[in-house]
Amino acid sequence: MNSFSDTPSIRKLRVYSLDPSMAIQLDNFEISTSELSIRWEELEAGPVGEYLQVIDIDPASRRLYSPVDLNSRSSLANNGHTPSLSNPQFHQQMVYAVAMKTIENFERILGRRMLWRERYIDEEGGYIRETEKRFVPQLRIYPHAIRQDNAYYSPAKVALLFGYFNAQTNDPREELPGGLVFTCLSYDIIAHETTHAILDGINRRLLDSVSNPDMLAFHEALSDIVAIFQHFSIPHLLNDQIQKTRGNLQKNNLLAQLAAQFARSTGRGSALRNALGQFDEFGNRQAPNPKELGRTTEPHARGAILVAAVFDAFIRIFENRVRDLRRLATNGTGILPDGDIHPDLTNRFAEEATHAAERVLRICIRAIDYLPPLDITFGDYLRALITADSDLYPNDAAKYRIAFIEAFRARGIFPHDVNNLGEESLHWVRFKERNWDPQTLNRFLPPRNLMRSMAGLYQAEGGMSELADHLVSKEDEW
Numbered sequence: 000m001n002s003f004s005d006t007p008s009i010r011k012l013r014v015y016s017l018d019p020s021m022a023i024q025l026d027n028f029e030i031s032t033s034e035l036s037i038r039w040e041e042l043e044a045g046p047v048g049e050y051l052q053v054i055d056i057d058p059a060s061r062r063l064y065s066p067v068d069l070n071s072r073s074s075l076a077n078n079g080h081t082p083s084l085s086n087p088q089f090h091q092q093m094v095y096a097v098a099m100k101t102i103e104n105f106e107r108i109l110g111r112r113m114l115w116r117e118r119y120i121d122e123e124g125g126y127i128r129e130t131e132k133r134f135v136p137q138l139r140i141y142p143h144a145i146r147q148d149n150a151y152y153s154p155a156k157v158a159l160l161f162g163y164f165n166a167q168t169n170d171p172r173e174e175l176p177g178g179l180v181f182t183c184l185s186y187d188i189i190a191h192e193t194t195h196a197i198l199d200g201i202n203r204r205l206l207d208s209v210s211n212p213d214m215l216a217f218h219e220a221l222s223d224i225v226a227i228f229q230h231f232s233i234p235h236l237l238n239d240q241i242q243k244t245r246g247n248l249q250k251n252n253l254l255a256q257l258a259a260q261f262a263r264s265t266g267r268g269s270a271l272r273n274a275l276g277q278f279d280e281f282g283n284r285q286a287p288n289p290k291e292l293g294r295t296t297e298p299h300a301r302g303a304i305l306v307a308a309v310f311d312a313f314i315r316i317f318e319n320r321v322r323d324l325r326r327l328a329t330n331g332t333g334i335l336p337d338g339d340i341h342p343d344l345t346n347r348f349a350e351e352a353t354h355a356a357e358r359v360l361r362i363c364i365r366a367i368d369y370l371p372p373l374d375i376t377f378g379d380y381l382r383a384l385i386t387a388d389s390d391l392y393p394n395d396a397a398k399y400r401i402a403f404i405e406a407f408r409a410r411g412i413f414p415h416d417v418n419n420l421g422e423e424s425l426h427w428v429r430f431k432e433r434n435w436d437p438q439t440l441n442r443f444l445p446p447r448n449l450m451r452s453m454a455g456l457y458q459a460e461g462g463m464s465e466l467a468d469h470l471v472s473k474e475d476e477w
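All residue numbers for the sequence shown refer to numbering that gives the first Met the number 0, where the first residue is 0 and numbers rise by one.
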């Protein structure tokens, strides 16, 4: 008797590599679409799976689009619908595929299943009070929720809402003036908003208990980091950009840009944000200003500084990995000859970039578990990055952690509770390593009346009864 299962392990689905605009650019047509390999799951029409429920209601047009059936014979044979601006079923397919790929990356790196934020619901079903928590099995995704140039994650609805709008440009070289632009067809926007939902599920206090400018900025930054570093998992896109930049990823390139079509269509330049930072009028990358963080408070702009620091660390790591290849290719001069670089060198550069990007993404995501539960700062995140990586790789032979420290320092990002930026100083000290005596520990506890309130709250929660009993039993030691 055959004990092997006939159930497939993956489902391949076609998507736009970045956004639909590349499909009508001769220079980028060959890299405009990609196939994503998604973990196989039983799907209902929508698609509706274990993690996601795509609901395609278009209130502005008063339409309900037919849900895509990814189990149909044609979908299974053709790896889903052909990428299309005008097919709502492809729109549904793309948001599902990119969101699932993002979820899979988090689960693979963190080693556990992702859970969505709980909803607080009253008896009538509205979002009113925090007395009844309901488990949310699926994140809802609305590909055509709003007719405006926006897309966002709603903690109240535990849903992603994507908009569509008419391009606000008079220059047909950028976008068709007045043409429809769908945010649900931007790989970057989907990955960005999905990361918001995942991070909110991991720690909702980052949105609910904002106590400093870094907290919302961190939410934006991590969402950008995940979207940008997922570019490096698309082989033909990566090879193309390595070829065009001749292996110099400090040149302006598509890998570092976020939501280019959306930015052009709303008059915000060539990209919504660029992980390489700012460029001068001659196209040269500007040096980071360590004072910029102190005068930037808007969450997206402040988060962009953190993104630039992480990407700069990646560049340093990549350059260190390809130094020997560059020496061989240039006979030790470090200067490549004019013309296209050899395809073999392109492939080797791309291989090293993939390894470096995967390691950086792993470090950034694993660091989430090393952050304080409240009042996090960018400096805390640097400490979390260093601690998370050193726990997994005690011997940092490739000097990844030094690259992070150097890149963060260049942008004025550092914790204020250390005496120096040495790796040992940045490493979080575990509680058991401190050898606290009770008198010292009491200095860090809340006032006694607050501790009693906490114990009462935990008892009311029910699931925290053990902690409540412990607090009550130790009251004499407070």
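Glycine included, C-beta positions come from ideal geometry on N, C-alpha and C.
Here Arg410 really is in contact with Ala308; their C-beta atoms are around 5 Å apart, less than 8 Å.
By the CB criterion at 7 Å, Ala383 and Ala366 fall inside the cutoff. Looking at the DSSP output, Leu206 sits in no beta bridge, so it has no partner there.
When DSSP assignments are scanned along the stretch 358 to 408, the uninterrupted stretches of alpha helix (DSSP H) that are 4 or more residues long and fall wholly within it turn out to be 377 to 391. Taking the Cα positions, Asn211 is about 44 Å away from Thr345. Closest option to Pro371, judged by alpha-carbon separation, among Leu360, Glu103, Lys132, Pro414: Pro414.
In the three-state scheme derived from DSSP, where H, G and I count as helix and E and B as strand, Asn211 is classed as coil. Across the structure, Ile145 and Thr353 are spaced so that their CA atoms are roughly 36 Å apart. Exposure of Leu373 is indicated by the presence of fewer than 16 other C-beta atoms within 10 angstroms of its C-beta.
Taking the CA atoms as reference points, Phe281 sits about 43 Å from Ser208. For Gln92, the enclosing alpha helix (DSSP H) begins and ends at 87 to 109.
With a minimum length of 3 residues, the unbroken runs of beta strand (DSSP E) contained wholly in the stretch 49 to 83 fall at 51 to 53. Annotation for Ser389: Asp395, Arg400, Glu422, His426 place their beta carbon closer than 8 Å to its own, counting only its chain and skipping 5 residues before and after. Going by C-alpha positions, Glu41 is about 27 Å away from Pro154.
Short of 7 Å from the beta carbon of Ala355, and not among the five residues preceding or following it, lie these beta carbons of its own chain, in chain order: Phe313, Ile316, Phe317, Arg320. Arg133 and Leu159 have their C-alpha atoms roughly 18 Å apart. For Glu106, same chain residues with a beta-carbon under 7 Å away, outside a window of 5 residues either side, are Arg112, Met113 in chain order. The C-alpha of Val428 lies about 12 Å from the C-alpha of Ala387. In this structure, Gln88 and Val67 form a Cβ contact; the two beta carbons are roughly 4 Å apart against a cut-off of 8 Å.
At a cut-off of 4 residues, the continuous stretches assigned as alpha helix (DSSP H) that sit fully inside the stretch 229 to 310 are 234 to 244, 259 to 264. Residue environment for Arg116: buried (at least 16 other C-beta atoms within 10 angstroms of its C-beta). Separation of Ile189 and Phe181 (C-alpha to C-alpha, rounded to the nearest whole angstrom) is 11 Å.
Between Phe28 and the set Arg38, Val306, Ser16, the nearest pair of CA atoms involves Ser16.
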